[in-house]
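Protein chains in written order, with my numbering: chain B, 135 to 481; chain D, 135 to 481; chain Y, 135 to 481; chain W, 135 to 481.
4 protein chains.
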Amino acid sequence: MIKVGIIGATGYTGNELVRILANHPEAEITAITSRTNAGRKLEEVYGNFTGWNGPVFSGSDSPDAVAGCDVVFLALPHGVALELVPPLLEKGQKVIDLGADFRFRDAATYQTWYKLTHTQGELTKTAAYGLPEIYRKEIRQAMLIGNPGCYPTSVILPVYPLLKEGWVDPDRIIIDSKSGVSGAGRKAEAAYNYPELFGNFKAYGLAGHRHTPEIEQELSHGAGRAVKVSFTPHLLPVARGILSTIHLSLTKSVTTQEVEEILARYYQGEPFIKVLKEPQLPELKWAVGTNCCQIGVRVDKRTNQMIVVSVIDNMVKGASGQAVQNMNLICDLPETMGLQQQWPVYP
Amino acid sequence: MIKVGIIGATGYTGNELVRILANHPEAEITAITSRTNAGRKLEEVYGNFTGWNGPVFSGSDSPDAVAGCDVVFLALPHGVALELVPPLLEKGQKVIDLGADFRFRDAATYQTWYKLTHTQGELTKTAAYGLPEIYRKEIRQAMLIGNPGCYPTSVILPVYPLLKEGWVDPDRIIIDSKSGVSGAGRKAEAAYNYPELFGNFKAYGLAGHRHTPEIEQELSHGAGRAVKVSFTPHLLPVARGILSTIHLSLTKSVTTQEVEEILARYYQGEPFIKVLKEPQLPELKWAVGTNCCQIGVRVDKRTNQMIVVSVIDNMVKGASGQAVQNMNLICDLPETMGLQQQWPVYP
Amino acid sequence: MIKVGIIGATGYTGNELVRILANHPEAEITAITSRTNAGRKLEEVYGNFTGWNGPVFSGSDSPDAVAGCDVVFLALPHGVALELVPPLLEKGQKVIDLGADFRFRDAATYQTWYKLTHTQGELTKTAAYGLPEIYRKEIRQAMLIGNPGCYPTSVILPVYPLLKEGWVDPDRIIIDSKSGVSGAGRKAEAAYNYPELFGNFKAYGLAGHRHTPEIEQELSHGAGRAVKVSFTPHLLPVARGILSTIHLSLTKSVTTQEVEEILARYYQGEPFIKVLKEPQLPELKWAVGTNCCQIGVRVDKRTNQMIVVSVIDNMVKGASGQAVQNMNLICDLPETMGLQQQWPVYP
Amino acid sequence: MIKVGIIGATGYTGNELVRILANHPEAEITAITSRTNAGRKLEEVYGNFTGWNGPVFSGSDSPDAVAGCDVVFLALPHGVALELVPPLLEKGQKVIDLGADFRFRDAATYQTWYKLTHTQGELTKTAAYGLPEIYRKEIRQAMLIGNPGCYPTSVILPVYPLLKEGWVDPDRIIIDSKSGVSGAGRKAEAAYNYPELFGNFKAYGLAGHRHTPEIEQELSHGAGRAVKVSFTPHLLPVARGILSTIHLSLTKSVTTQEVEEILARYYQGEPFIKVLKEPQLPELKWAVGTNCCQIGVRVDKRTNQMIVVSVIDNMVKGASGQAVQNMNLICDLPETMGLQQQWPVYP
């Protein structure tokens, strides 16, 4: 039984780690931390966990709170993990960071986009980018995982193979993403007050969202050259899920079926990637609550464009589910363990 | 042109007053106040008001801010109006208070339920309870209006005539109300964060909601004797609207049609009350955006119960629309002026 | 491995049976039927099942289609099971009927409320009412289960013990229930068109909903005498979940805590019943996606009323999850098998 | 008083015409038609119109049904207006067609995309494209208006001036639009059943939506050369509103402020166009219920892209409101008459 600690368990991704790990047959949550809920039971604070018999909240987000854990998940504001990770690694604990601190190969990129000083420039080079479908080998050997952002997961998975294949123009990638509001975290702000967003929809973070460099880093890796993307996120009036519509320019004449095949072949055997066939296209709710990414494509001969649609659950494949998938890999467990709910609660 | 001031114009009911009065042919908003937005234009703070050319926010919730206004609306937290009203009245300004401070004939009731000291016990006796369909005469003559609460409006309108008629047992009134989230105000609390309430529904304030004594005060007036009610509100995952389901015990054998008729007769000529006929029953959205109250009833011979369903928009007939209706009355304007949108934006 | 057949697998409850059983370690779905989708794969018709490798749809809702199955679930319109069940039982197959045909001890009640002739009056007496928390013993021995209705499940579970205890007046039970729209089934009707219900809410089926006699049958059993209830359902603008607010008159002076205790004691050891303690009250989403029923109560000394709030997922504990729970019982499997997701996908 | 007839008044756009015209000071609805509701009152069929005292439904969608009307609105399935319009024009009635039959200058385009034979090739050349902000002069003189599609309205208004100015590349226009479900009409299809779309989101009509050629026709007009666009619509889980995110490639170095200014100048004095200034960006609900179009832009120097965001209410500016605006123009009334609700019901 693997002992697991979660530092920052009161946020949505922290809660989601508990939900998933509570049913994991080889993991046991032995520590959860929350600076605001010290000593309280999770079910007292969040009634959706009624009946869960795990540990009470430890009040300190410190390495001591997770002493004895084999794996430590960090679900913290950006920047906080920078100081926490070194002492954890020193004790031989494996660390999966759900924030952005260890996602970048180049600490300078992080500094530019996150406006924070990156104090662990060497360490970040040793971290694996936790997207198993692309970096499975690196992940298995890593002690530190930079768990991918939600939007980047939804974009990299479908576009990476197409760039690798050379079928689309790396200079003309337009990403139009739409996310449920849980992506913003457990916010106490009037702008996220229920009536404000009910029946509403909006774009935000234009020309500057911090997931942009993460997408570019990985797509550049796939393309074998520097890639810049135009990334525009939107806020959907739902709790969960990301749907990304990715507009690509074709570099050669291919059909929808050929693209479906190249993607299906690239992801053959992958338990969490589902490439749909025309006439189906992914719908948001087909992924919600699962660790799956569904992908659909359409080639438009008339305009020489390809439109790619992908969906994930931002809290699962886009955060905590992927983190557990990474845990399974670094702990030599079956990759799908604890993530077996392939088919969503629907409708 | 009547000069209008709104003290507390950043909340939902304050905003709603602006929305309604902006199209009122005989009213001109000359002052709006907000302690947090001094000097800013309304449209800068709230993009839904883009193009509105009213005054900028005055930064003080004080009588000075509304000097020169003929009518002053107060959209403030409970308790604040107690001190503000006397100086306004002294200057001859008419006051419509959207809070609870002047809704009770008996200041002691207010003190018990609101846990606040009522410093204006004499003044509150002179205030009219601003439900025009019942107190039109008193309102016309008043300088101070205690504008009714949203839930009470939805309950008193359908039940008052039935108690007056003596058809239902005043000792067995069960009120099960459901409100959109805007009723809670512009909240910056995690409990009102969009994802928390999305797809959710809950009861709250059981056995202690502060609209209970207001309902009881008015139903007692209708019944001609003291009435106690069991009132249970719920939070609907929508922005606007209240639907109240009121469970009554019959004291005599009547049909659904007879009840419809008694209500239709009582409210004959009322522009904002619509009594539906079987098989129709009110739906929440049929009232949203309008100042109307729709009412439907069903008699259940099998159990000797009557079920009454009423809907209003909590922000319009339940707050700011009714306040404007009251303004029309105290200013001798046609009662429906500025409130002519009888049919909602639908679907 | 138990072989399972689902007759009527295109509706919501049929789909939900597949979703749950797909992860059941001891059950294998060997037949699904649909008159409209013969020969098609489930995933082709419903993209949320992408990747599911079960049987294709058989085009006939007949016993032949489920030949060889140990357990047969019927998810059909009311009345259809009456003819299907006898031949299935003759072949020694166990039958769990999710419709109303075998829920009533007295076929006459069914005929009165469902306006259908009940041709299996003797058989219905042998059927167990599939509410395990109350009829576990009978269920274990039955070949035929009448799986409870969704609303009745949400009402009987909290009220049955209170009536048994004699703490509430059986003549004054007011049930105000609210259900997500999936309860109406996969409807192709304009009244269920998305825009009609979006932001909307309404009561329906007043004084005549067909779940009334089912509730009365079971509460009468609990009370040891005939009970009539006033039952008013509403349509919530969400996909899933039922919250029932039940208004009861106290027959003796008890506290909220005493009621919580009596319920907790009655349901001690029950894996799917969760009695909350003040100040918590159940929220709809705390049950969605799980087979749990959460219950909360409040005593109102002032009015001598008790208000009970219960939540379930209408598709799980209110239909397909409870059906699987029943399957586990009649097949001598652990009762919670396949139903282990105790904590919902939240938010 | 202008006499108005609405052929096809049971659909959403027909209903919306009634809602708007019911408050129009110079128009009187004298005829509404519906093949399915002959002889019934509108309020009987649609409870949201309770209290409206207009004519009952005429059961025939024929010219006779609107005899005596000065202006006739057609809210019918595509293709039906082709035969109806000539006899109406012959009687001297002005016609505003909300369908696609008379939106195209070139009937061949219509035939290609709508798969219908266009029998009125000459007549369509005389029709004005009813986008007043661009074709006001033509509209004033026309007897027949092809009222624009909803998506095209949301796209043409912001992009037309930018193409005219030559600031963006006409060969790289990517339109990613999101619409509320009312855009699909009053559907009785399982795919539009409330639970299917609740919490859901999807793209549809990729590489083939019929609003594409309409957008191209008008943008080509603005650019002074043939323009092809890539248009991808999505279905938002809300009732109303369209938000279009338009991705453009800059042809010269400009700033966000310069683009805002060029748009503001182009639409100076337009009552229904609101160009927002950074940092504001339009939100869907800021337009819902109004006839306004809000526009915001951001220039991304890093990628040399411009992102334009526009919002309209698909039922108002995208259909019935614009139709009334056109009616005002062809009847020499103030253009904003009956459309004065500039600020939406919010939140």
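For every residue, glycine included, the Cβ atom is placed at its ideal position computed from N, Cα and C. Quick caveat, the model's predicted, so the values are computed rather than measured.
Using CA atoms only, rank isn't needed, just tell me which of D/VAL450, D/ALA325, D/ALA318, D/ILE429 is closest to B/LYS321. By 1-based counting over the first sequence, the position of residue 321 of chain B is 187. It is D/ALA325.
Listing by chain order, which chain B residues have their CB less than 8 Å from the CB of Y/TYR146? As a working note, residue 146 of chain Y is residue 12 in the third sequence. By Cβ distance, chain B contributes PRO481.
Contact between the segment 367-375 of chain D and the segment 407-426 of chain D: three or more CB pairs below 8 Å? By the Cβ rule, the segment 367-375 of chain D counts as touching the segment 407-426 of chain D, because three or more pairs are nearer than 8 Å.
Taking the alpha-carbon of D/LEU232 as reference, which of D/GLY283, D/GLY173, D/ILE308, D/LEU331 has the nearest alpha-carbon? Start at 1 with the first residue of the second sequence, and residue 232 of chain D comes out as number 98. Of the listed residues, the one whose Cα sits closest to D/LEU232 is D/GLY283.
Counting only beta-carbon atoms, is W/TYR401 nearer than 8 Å to chain Y? Along the fourth sequence, read from residue 1 onward, the residue named residue 401 of chain W stands at position 267. W/TYR401 is outside the set of residues whose beta carbon lies under 8 Å from a beta carbon in chain Y.
Backbone secondary structure at B/PHE183 - three-state DSSP: What you label residue 183 of chain B is simply residue 49 of the first sequence in a count that begins at 1. Secondary structure of B/PHE183 (DSSP, three-state): helix.
Could you tell me the distance, in whole angstroms, from the CA atom of D/ASN187 to the CA atom of D/GLU178? Sequence index remark: in the second sequence, residue 187 of chain D carries index 53 (1-based). Sequence index remark: in the second sequence, residue 178 of chain D carries index 44 (1-based). So the alpha carbons of these two residues sit roughly 11 Å apart.
Spatial neighbours of W/TRP247 within its chain, please: CB distance less than 8 Å, with the 5 preceding and 5 following residues excluded, ordered by chain position. Locating residue 247 of chain W in the fourth sequence gives position 113, counting from the first residue. Cβ within range, chain order: ARG344, THR346, PRO347.
What do you reckon, are the CB atoms on B/PHE335 and B/HIS381 nearer than 8 Å? Residue mapping note: residue 335 of chain B aligns to position 201 of the first sequence, counting from 1. Residue mapping note: residue 381 of chain B aligns to position 247 of the first sequence, counting from 1. Cβ atoms of B/PHE335 and B/HIS381: not closer than 8 Å.
Could you please tell me which residues of the segment 357-380 of chain B, in chain order, have their CB closer than 7 Å to any CB of chain D? Flagged, chain order: VAL372, ALA373.
Please list, in chain order, the residues of the segment 305-320 of chain Y that have any C-beta partner in chain D closer than 7 Å. Taking 7 Å as the cut-off between beta carbons, the residues of the segment 305-320 of chain Y near chain D are ILE308, ASP310, LYS312, in sequence order.
Compute the Euclidean distance between the alpha carbons of Y/GLU404 and D/LEU331, then round it to the nearest angstrom. In the third sequence, residue 404 of chain Y corresponds to position 270, counting from 1. In the second sequence, residue 331 of chain D corresponds to position 197, counting from 1. Going by the C-alpha atoms only, they are around 28 Å apart.
In terms of residues, what are the limits of the beta strand (DSSP E) holding Y/THR167? The residue you call residue 167 of chain Y lines up with position 33 of the third sequence. Counting along the chain, the beta strand (DSSP E) containing Y/THR167 begins and ends at 161-167.
Is it the case that the Cβ atoms of Y/LYS408 and Y/GLN428 are separated by a distance below 8 Å? As a working note, residue 408 of chain Y is residue 274 in the third sequence. As a working note, residue 428 of chain Y is residue 294 in the third sequence. Yes, they are a contact pair.
Within the same chain, show all residues whose beta-carbon is closer than 7 Å to that of B/ASN460, passing over the 5 residues directly before and after it, in chain order. As a first step, residue 460 of chain B is located in the first sequence; it is residue number 326 there, counting from the start. Excluding sequence neighbours, B/ASN460 sits near ILE230, GLY264, PRO266, ILE273, ILE279, ASN281.
Is the shortest distance between the beta-carbon of D/ASP198 and the beta-carbons of chain Y less than 8 Å? As a first step, residue 198 of chain D must be located in the second sequence, where it is residue number 64. Judged by the 8 Å Cβ criterion, D/ASP198 is not in contact with chain Y.
Which ranges would you report for the beta strand (DSSP E) in the segment 223-287 of chain B if only whole runs of at least 3 residues count? 228-231, 278-280
Give the interface partners of B/PHE335 over in chain Y, defined as CB-CB distance under 7 Å, in chain order. Mapped onto the first sequence, residue 335 of chain B falls at position 201. Ordered by position in chain Y, no residue passes the 7 Å Cβ test against B/PHE335, which lies about 13 Å from the chain.
Using a Cβ cut-off of 8 Å (strictly closer), state whether D/ALA143 contacts chain B. Here residue 143 of chain D refers to the residue found at position 9 of the second sequence. Taking CB atoms only, D/ALA143 has no neighbour in chain B less than 8 Å away.
Quick one: using the 10 Å Cβ neighbour count with 16 as the cut-off for buried, is D/GLY142 buried or exposed? Residue numbering aside, residue 142 of chain D sits at position 8 when the second sequence is read from its first letter. Buried, because 16 or more other Cβ atoms sit within 10 Å of the Cβ of D/GLY142.
Quick check: what's the CA-CA separation for D/VAL200 versus D/SER194? To locate residue 200 of chain D, count along the second sequence from 1; it is residue 66. To locate residue 194 of chain D, count along the second sequence from 1; it is residue 60. Approximately 10 Å between the Cα atoms of the pair.
Tell me, please, which residues DSSP counts as bridged to B/ARG432. Counting from 1 along the first sequence, the entry for residue 432 of chain B is found at position 298. B/ARG432 pairs with B/ILE441.
With a cut-off of 8 Å on the beta carbons, I'd call B/GLY145 and B/ALA209 a contact; round off their distance for me. Here residue 145 of chain B corresponds to residue number 11 of the first sequence, with the count starting at 1. Here residue 209 of chain B corresponds to residue number 75 of the first sequence, with the count starting at 1. Their Cβ separation, rounded to whole angstroms, is 6 Å, which keeps B/GLY145 and B/ALA209 in contact under 8 Å.
Buried/exposed call for D/ALA360, threshold 16 Cβ in 10 Å: Against the second sequence, residue 360 of chain D aligns to sequence position 226. Exposed.
Apart from the five residues just before and just after B/LEU384, which ones in its own chain have a Cβ nearer than 8 Å to its Cβ? Residue mapping note: residue 384 of chain B aligns to position 250 of the first sequence, counting from 1. Hits under 8 Å: TRP301, VAL302, ASP303, VAL433, ASN438, GLN439, MET440.
Along chain Y, which residues have their Cβ under 8 Å away from the Cβ of D/ARG436? If you number the second sequence from 1, residue 436 of chain D lands on position 302. Residues of chain Y passing the Cβ test: ALA341, LYS362.
Between D/LEU222 and the rest of its own chain, which residues show a CB-CB distance below 8 Å, the 5 nearest in sequence each way excluded? Residue 222 of chain D sits at position 88 when you count from the first residue of the second sequence. The residues are PRO197, VAL200, VAL206, VAL229.
Any idea if D/LEU250 is buried or exposed, counting beta-carbon neighbours within 10 angstroms, 16 or more meaning buried? Translated into the one-based positions of the second sequence, residue 250 of chain D becomes position 116. The residue in question, D/LEU250, is exposed, as its Cβ has fewer than 16 Cβ neighbours within 10 Å.
D/PRO416 beta carbon less than 8 Å from that of D/VAL443: Within the second sequence, residue 443 of chain D is the residue found at index 309, counting from 1. Within the second sequence, residue 416 of chain D is the residue found at index 282, counting from 1. Yes; because the gap between Cβ atoms is below 8 Å, this pair is in contact.
Mind checking which residues open and close the alpha helix (DSSP H) that includes D/GLY455? Taking the first residue of the second sequence as position 1, residue 455 of chain D is located at position 321. Its alpha helix (DSSP H) spans residues 455-464.
Between the segment 171-192 of chain B and chain Y, which residues of the former have a C-beta closer than 7 Å to a C-beta of the latter? GLY181, ASN182, PHE183, THR184, GLY185, TRP186
Within its chain, find whatever has a CB closer than 7 Å to the CB of D/PRO286; leave out the 5 residues flanking it on each side and keep chain order. Mapped onto the second sequence, residue 286 of chain D falls at position 152. For D/PRO286, where only same-chain residues beyond five positions count, the Cβ hits under 7 Å are HIS345, GLU348, ILE349, GLU352.
In its own chain, which residues sit with a C-beta less than 6 Å from the C-beta of D/ASP235, not counting the 5 before and 5 after it? Along the second sequence, read from residue 1 onward, the residue named residue 235 of chain D stands at position 101. Taken in chain order, the residues that qualify are ALA215, LEU216.
Quick one: what does DSSP say Y/ARG306 is sitting in, helix, strand or coil? The sequence position of residue 306 of chain Y within the third sequence is 172, counting from 1. Strand at Y/ARG306.
For Y/GLY314, which of Y/GLY356, Y/MET449, Y/GLY342, Y/THR260 has the nearest alpha-carbon? Sequence index remark: in the third sequence, residue 314 of chain Y carries index 180 (1-based). Among Y/GLY356, Y/MET449, Y/GLY342, Y/THR260, the Cα nearest to that of Y/GLY314 is on Y/MET449.
In angstroms, rounded to a whole number, what distance separates the CA positions of W/GLY472 and B/ARG174? Counting from 1 along the fourth sequence, the entry for residue 472 of chain W is found at position 338. Counting from 1 along the first sequence, the entry for residue 174 of chain B is found at position 40. When rounded, the distance between both Cα atoms is 58 Å.
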